[in-house]
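Residue numbers (this note's numbering): 268 to 643. Glycine included, each C-beta is placed from N, C-alpha and C at the ideal position. On a predicted model such as this, the values are computed, not experimentally measured, just so you know.
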Ligand SMILES: [Zn+2]
């Protein structure tokens, strides 16, 4: 079992070669976080045999022990990523639960991940494919000294509305990246959308993206709980704040979008009507934007719910201001958070292309929103 590549995560616990189908037990590594979730590893030396892969620590994952509806993704040598089926529940004698996926015979090596991986190299490939529609610029350093970049289609101009997007405030939340990937592709292909100024910080928690950590509530601070109350507690948040202030000061208006993934089993794509920390006020635009986005989404990938209203404090271990709420309270602009399922909706397990279609829908919904706001 190998994890020595960008985004690698997974600790090998045991290999049982005695049955015809070897059984590989692994744990998703929490690393610098109180909870685990992300995993991505390669198994080699299979010699064409089928294999059973067992997740041994579901209790430690954000979302809890019930992985019954979860379909991770598999890649066999140079094939595209595909979903594997739902797991089988294993009960240990003491009452612990583990989950097993049976994988058909393939080649010598397979890669398995919690959801479709998305690393800086994947973004670079997309930007290359879009041949110059977007440029990149260095905007600061992470805590560990990696370069944060902004992706943008144009510099701001006072007569153009602007949109600022952020993704991967939590390193493992790959659905946000695939939605952003689809949005960038859709903007590049659409003349009217290109008139809007689009800036994105695609990997805010870049250190955890690259190191393969889930990045939720990591040591020392969660990137998305670092925007206040009074000052940024991480350099990544400081860089986003500086970029957003710059963009607002130079553009006709600014709309702020923060892209996330929910807990592991949620089969929905939704706007939280407020953030999770105690005392968080309702986002006044969340309901209306959420309903527009939901109804604009193609039916086969449409979410069963448009928004949720979190109970304050229900999912927040540590206090601190999230990016989207900072945009409303500190920057005084409209903002939303979008949570995109790792799995799909109630009928369908999302493909990479499905995530991109959600991104295209988001681009259209934002553009329509800006136009309605502008012209009444
Ligand atoms: Zn998140």
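Given residue i as reference, the closest of the options once Cα atoms are compared
{"i": "residue 536", "options": "298, 628 and 510", "result": "628"}
{"i": "residue 615", "options": "305, 416, 347 and 570", "result": "570"}
{"i": "residue 293", "options": "286, 299 and 308", "result": "308"}
{"i": "residue 497", "options": "490, 593, 443 and 488", "result": "593"}
{"i": "residue 452", "options": "515, 408, 274 and 394", "result": "394"}
{"i": "residue 354", "options": "400, 325, 342 and 530", "result": "325"}
{"i": "residue 440", "options": "470, 460 and 432", "result": "470"}
{"i": "residue 287", "options": "333, 318 and 572", "result": "318"}
{"i": "residue 386", "options": "468, 363 and 444", "result": "444"}
{"i": "residue 601", "options": "357, 280 and 541", "result": "541"}
{"i": "residue 339", "options": "379, 333, 561 and 486", "result": "379"}
{"i": "residue 374", "options": "547, 311 and 399", "result": "311"}
{"i": "residue 411", "options": "572, 314 and 501", "result": "501"}
{"i": "residue 516", "options": "483, 545 and 430", "result": "430"}
{"i": "residue 357", "options": "384, 321, 382 and 391", "result": "321"}
{"i": "residue 636", "options": "556, 366, 596 and 561", "result": "556"}
{"i": "residue 644", "options": "566, 520, 277 and 276", "result": "Nothing can be reported for residue 644, as the shown portion of the chain is limited to 268 through 643."}
Inter-residue CB distance, residue i and residue j (contact presumed, cutoff 8 Å)
{"i": "residue 438", "j": "residue 480", "result": "5 Å"}
{"i": "residue 446", "j": "residue 607", "result": "5 Å"}
{"i": "residue 632", "j": "residue 559", "result": "5 Å"}
{"i": "residue 598", "j": "residue 512", "result": "7 Å"}
{"i": "residue 352", "j": "residue 532", "result": "Not really, about 15 Å apart at Cβ, beyond 8 Å."}
{"i": "residue 553", "j": "residue 522", "result": "Between residue 522 and residue 553 the Cβ distance is about 13 Å, and since that is not below 8 Å, they are no contact."}
{"i": "residue 448", "j": "residue 626", "result": "6 Å"}
{"i": "residue 472", "j": "residue 436", "result": "6 Å"}
{"i": "residue 455", "j": "residue 514", "result": "Actually they do not touch by this definition, with Cβ atoms about 19 Å apart."}
{"i": "residue 507", "j": "residue 433", "result": "6 Å"}
{"i": "residue 427", "j": "residue 518", "result": "6 Å"}
Heavy atom of ligand 1 within 8 Å of residue i beta-carbon
{"i": "residue 533", "result": "no"}
{"i": "residue 436", "result": "yes"}
{"i": "residue 488", "result": "no"}
{"i": "residue 550", "result": "no"}
{"i": "residue 440", "result": "yes"}
{"i": "residue 491", "result": "yes"}
{"i": "residue 528", "result": "yes"}
{"i": "residue 483", "result": "yes"}
Residue i (DSSP reduced to helix, strand or coil)
{"i": "residue 348", "result": "coil"}
{"i": "residue 592", "result": "helix"}
{"i": "residue 417", "result": "strand"}
{"i": "residue 277", "result": "coil"}
{"i": "residue 471", "result": "coil"}
{"i": "residue 407", "result": "strand"}
{"i": "residue 442", "result": "helix"}
{"i": "residue 433", "result": "strand"}
{"i": "residue 556", "result": "helix"}
{"i": "residue 484", "result": "coil"}
{"i": "residue 543", "result": "coil"}
{"i": "residue 537", "result": "strand"}
{"i": "residue 626", "result": "helix"}
{"i": "residue 462", "result": "coil"}
{"i": "residue 637", "result": "helix"}
{"i": "residue 549", "result": "coil"}
{"i": "residue 269", "result": "strand"}
{"i": "residue 602", "result": "strand"}
{"i": "residue 489", "result": "coil"}
{"i": "residue 412", "result": "coil"}
{"i": "residue 449", "result": "helix"}
{"i": "residue 607", "result": "strand"}
{"i": "residue 575", "result": "strand"}
Any non-hydrogen atom of ligand 2 within 8 Å of residue i CB
{"i": "residue 398", "result": "Ligand 2 is not part of this structure, which contains only ligand 1."}
Residue-chain proximity (residue i, chain C), Cβ-Cβ < 9 Å
{"i": "residue 570", "result": "The structure shown contains no chain C; it holds only a single protein chain."}
Report the start-end ranges of each alpha helix (DSSP H) in the stretch 499-533 that is 4 residues or longer and not cut off at the edges. 502-517
Runs of 4 residues minimum, wholly inside the stretch 281-344: which ones carry the alpha helix (DSSP H) assignment? none
Entirely within the stretch 353-398 and at least 4 residues each: give me those alpha helix (DSSP H) ranges in chain order. 387-396
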